[in-house]
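For the sequence shown, counting from 1, position 15 maps to 423 in this note's numbering; every step adds exactly one.
First comes the structure, then the notes that go with it.
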Amino acid sequence: MKIPVSLLSTYLYCPRKVFLERVLRLREPPRQPLVLGTIRHQALEEAAKAEEALVSSEVDGILSYDDILEIYKAQYLSLLRDVVQRHVPALESLGMDPLDAYHRALPTLLREAETRTANLHRCMDSTKLAGRQLWDALTPKIRSEVAIDSDELHLTGIVDQIHETGDSMIPVELKTGKMPREGVWPGHRVQAAAYALLIGERYGKAVPHAIVHYLDANEKRMIPMNPFMKDEIRMLVGEIMELMDNRLMPEFCSSRQKCAACGLKRQCYDSSLMDSLIVALREKVVRAGTPSAARWPAEG
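This is how it looks when you write it as structure tokens:
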């Protein structure tokens with residue numbers, strides 16, 4: 409069995425939430441910050457995926473920085489409009505104006521366009537190349553939405569971005585919301601480190617560190633890798649598997665602040681609902697005949 413890398417972060421935040429989501433199959437309702445974060449996240453992913461075609465076909469001569477920036481901006485804004493359009497039903501269900509969502513995501517896309525332009529212009533200036541040859545020479549290469557897993561670590565997931573330069577690869581996790589004063593949130597650290605281990609195992613390249621990019625602050629925080637991280641992640645994976653295998657609901661989270669921000673708070677504190685779901689789960693286990701058959705209840 410393999411568990412999603414994202415569960416490591418959820419487990420550190422609240423083991424009970426892992427139980428509610430993965431064993432009882434409860435789902436958080438969509439909320440404004442989540443939808444807005446998803447829009448920015450998807451727009452950045454699609455922009456990264458489109459960069460190869462953009463450079464190979466649009467940058468067909470030696471261009472100025474401003475010319476390149478306009479090419480990037482035109483494509484990024486078009487992609488953002490398309491992403492917002494796909495989320496109109498979700499936005500309207502939450503009473504949100506799609507145009508407002510567009511303008512709230514816009515600064516992130518414009519900053520990304522400036523970053524990509526600067527990187528491309530430096531490469532063009534030093535190599536005097538254009539088009540496909542320029543793309544081949546460009547570093548770092550940025551891959552987006554890379555599916556990856558590990559039989560050894562019992563993990564599976566999708567890396568937001570991988571920055572590849574020569575013999576090294578760096579996972580980059582894109583996060584919305586508040587960032588800590590220093591470093592990264594514990595769940596973000598473990599998630600990014602897990603992806604670093606998966607990438608090193610899959611590609612056999614050096615992964616000296618991982619990065620968490622906090623989009624709202626436009627700040628990137630580095631996580632140096634060390635030999636103890638694999639042991640830490642293995643321990644967490646084991647604890648999560650045991651939680652789901654035993655199907656024993658953990659106690660409430662000790663932080664009321666976390667509970668207040670959780671989309672499952674109402675269900676979690678509804679003792680009657682919890683009791684009925686546990687009874688239904690127990691009956692499902694009995695019907696299945698063996699505990700392992702019901703380790704992962706079917707999606708409902």
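The beta-carbon is built from N, C-alpha and C at its ideal position, and this holds for glycine as well.
Below 8 Å on the Cβ atoms is my contact criterion, and I expect residue 672 with residue 434 to pass it. Report the Cβ-Cβ distance as a whole number of Å.
6 Å
Give me the residue from 502, 565 and 418 with the minimum Cα distance to residue 556.
565
Report the start-end ranges of each alpha helix (DSSP H) in the stretch 479–557 that is 4 residues or longer and not cut off at the edges.
496–501, 506–535 and 539–545
Could you give the DSSP three-state label for residue 622: helix, strand or coil?
strand
Return the chain-ordered ranges of every alpha helix (DSSP H) run that is complete within the stretch 648–702 and spans a minimum of 4 residues.
664–669, 673–676 and 679–696
Three-state secondary structure (DSSP) at residue 576?
strand
Which residues does DSSP list as the beta-bridge partners of residue 451?
According to DSSP, residue 451 bridges with nothing at all.
Quick check on the burial criterion: 16 or more other C-beta atoms within 10 angstroms. Buried or exposed for residue 630?
exposed
Closest by CA to residue 514, which one among 621, 423, 496 and 489?
489
Between the stretch 493–509 and the stretch 525–543, do three or more beta carbon pairs fall short of 8 Å?
no
For a test of the three-state rule: what should DSSP assign to residue 567, helix, strand or coil?
strand
Apart from the five residues just before and just after residue 682, which ones in its own chain have a Cβ nearer than 6 Å to its Cβ?
none
In terms of residues, what are the limits of the beta strand (DSSP E) holding residue 632?
627–632
Are residue 620 and residue 645 close, meaning C-beta to C-beta below 8 Å?
no
Are the CB atoms of residue 658 and residue 441 within a distance shorter than 8 Å?
no
Compute the distance between the beta-carbons of residue 546 and residue 528, then report whether it is under 8 Å.
yes
For residue 568, count the other beta carbons within 10 Å of its own beta carbon; 16 or more makes it buried, fewer makes it exposed. Which is it?
buried
Which stretch, first to last residue, makes up the alpha helix (DSSP H) that contains residue 417?
414–421
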